[in-house]
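With the first letter of the sequence shown counted as 1, position 132 gets the number 133 in the numbering used here; the numbers rise by one all the way through.
We treat Cβ as the ideally placed atom computed from N, Cα and C, and that holds for glycine.
One structure below.
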Amino acid sequence: MKTYRLAIVPGDGIGHEIIPAALTVLEAAAKKFNFKLVYTFYDWGAGRYLREGAFMPEDGLDTLKGFDAVFFGAVGLTAVDDTLPAKLYTFKVRTAFQQYVNYRPVKLFKGLESPLRNKTSQEIDFVVIRENNEGEFVQSGAFFRPESPEGLATDTSIFTRKGIERVAHFAFSLARKRRKKVTNVTKSNTLIHSLKYWDAVISEVGEQYKDVTLEKMYIDNASANFILHPEYFDVILTTNLFGDILSDLGGGIMGSLGLGGSGNINPEKEFPSMFEPIHGSAPDIAGKGIANPVGTIWSGALLLEHLGETAAAGDIVGAIEAVFQQGIKTVDLGGTARTEEFAEQVIQALNQ
């Protein structure tokens with residue numbers, strides 16, 4: 002029996018509800034497909050920062066290195082400066098472990114209606130591949146005399162050939178397994194150095210994948226087409242900032258941010274990858290038992306897929322869809338199912 006070691010970081014807010022619910026589904030899949038999950042919980046996040054002055058201990062990254070993957074809920078509390086969670090936890094892990102691929106699928110589950118009129122599950126089914134270590138989120142910048150009349154602030158985007166090439170190869174390889182189309186979402190008509198370079202390197206990589214169609218689309222046009230023509234897309238390849246925005250828009254056209262799963266992936270598996278839902282910690286509904294666990298369950302399926310348990314991952318996604326087709330919905334989708342109840346329904350569908 003294969004055994005996988007997982008670090009579990011529920012984080013803050015609803016993380017303490019959605020992660021346990023999702024783990025029950027992963028455990029059911031492990032039992033069905035004859036593998037074992039062994040995990041250790043870590044109480045890291047904004048709550049720990051308030052208590053001890055740090056989101057994780059000094060040796061936190063060394064601790065995580067020993068696991069096959071990290072399953073993460075959400076980080077952030079209203080009492081903590083919202084610039085700190087990314088800097089002191091999320092980006093720290095993504096960068097240290099070279100999780101340069103942010104993998105965010107967008108799929109309208111059968112049984113749900115999209116806010117987009119007349120769009121079906123056949124037309125909303127694509128993946129946003131977001132470069133996850135460079136670009137606009139490297140936090141290279143400074144304030145200069147911010148309180149003075151001439152005060153200024155800078156943030157510098159950083160794009161390297163290596164960084165662009167490796168995420169591009171991932172996107173093209175993924176497209177080969179799907180519908181063989183990559184859309185480079187860019188803004189090189191105005192960011193004439195950084196994104197001109199981004200486009201050029203992606204085009205070079207694309208020459209190695211003659212069977213995959215590459216098209217370029219500016220971010221403003223892509224945003225419009227998410228709403229008007231989501232069927233245009235198969236694999237979207239884009240930058241850190243644009244990918245962050247588009248993937249939330251993707252959650253919106255699915256029906257709720259609570260539906261979106263994601264993976265921060267180190268494809269070479271030299272370091273553990275981290276899997277998390279796209280939504281935040283939602284402290285306003287924490288403790289009420291009404292948070293949507295689908296994004297976390299789906300993230301768990303992506304985790305299993307990354308570890309090689311593709312059949313289990315596929316069955317979990319299928320079970321989520323089967324529950325929706327039964328008319329069972331969570332509160333954010335206009336239904337009545339609570340967090341644990343929905344997870345239990347997914348387990349029942351998984352075992353049928």
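Quiz item: Would DSSP call valine 186 helix, strand or coil?
Solution: strand
Practice problem: Quickly, what does DSSP pair serine 274 with across the bridge? List them, please. | Solution: Ala70
Quiz item: In or out: threonine 187 buried (at least 16 other Cβ within 10 Å) or exposed?
Solution: buried
Exercise. Give me whichever residues DSSP pairs with glycine 136 in a beta bridge.
Key: Ile159
Quiz item: Looking only at C-alpha atoms, which of Trp45, Gly207, Phe68, Glu124 sits nearest to leucine 38?
Solution: Phe68
Quiz item: According to DSSP, is leucine 109 helix, strand or coil?
Solution: coil
Self-check item: Residues near leucine 113 by beta carbon distance below 6 Å, same chain, minus five either side
Solution: Gly256, Phe325
Quiz item: Anyone know if the C-beta pair for aspartate 129 and isoleucine 298 falls short of 7 Å?
Solution: Residue identity check: residue 129 is valine in the sequence provided, not aspartate. It is not a contact, given that the beta carbons lie outside the stated cut-off.
Quiz item: Do you know how far the Cα of isoleucine 220 is from the Cα of leucine 27?
Solution: 36 Å
Practice problem: Could you pull the start and end residues of the alpha helix (DSSP H) that glutamate 232 belongs to? | Solution: Glutamate 232 -> no alpha helix (DSSP H), and no H or E assigned at all.
Quiz prompt | the region 276 to 289 / the region 259 to 266 touching (three or more Cβ pairs under 8 Å) | solution = yes
Quiz item: Sorted by chain position, which residues of the same chain lie with C-beta nearer than 6 Å to proline 106's C-beta, five sequence neighbours on each side aside?
Solution: Val128
Quiz item: What's the C-alpha gap between threonine 79 and leucine 85?
Solution: 12 Å
Quiz item: Beta-carbon separation of glycine 259 and aspartate 333 under 7 Å?
Solution: yes
Self-check item: Residue from Ala225, Ala176, Ile165, Phe138 with nearest C-alpha to aspartate 245
Solution: Phe138
Self-check item: Cross-strand partners of glycine 262 (DSSP beta bridge)
Solution: Answer is Pro278.
Self-check item: Cβ pair proline 294, alanine 225 closer than 7 Å
Solution: no
Practice problem: Quick one: residues in its chain with C-beta nearer than 8 Å to the C-beta of glycine 2, no 5 flanking neighbours on either side, listed in chain order? | Solution: One point to set straight first is that residue 2 is methionine, not glycine, in the sequence displayed. For methionine 2, where only same-chain residues beyond five positions count, the Cβ hits under 8 Å are Asn35, Phe36, Lys37.
Quiz item: Ordered along the chain, which non-local residues of its own chain (more than five positions away) have a Cβ less than 8 Å from that of alanine 338?
Solution: Ile329, Lys330, Thr331, Val332, Gln346
Quiz item: Who does arginine 146 pair with in a DSSP beta bridge?
Solution: Under DSSP, arginine 146 forms no beta bridge with any residue.
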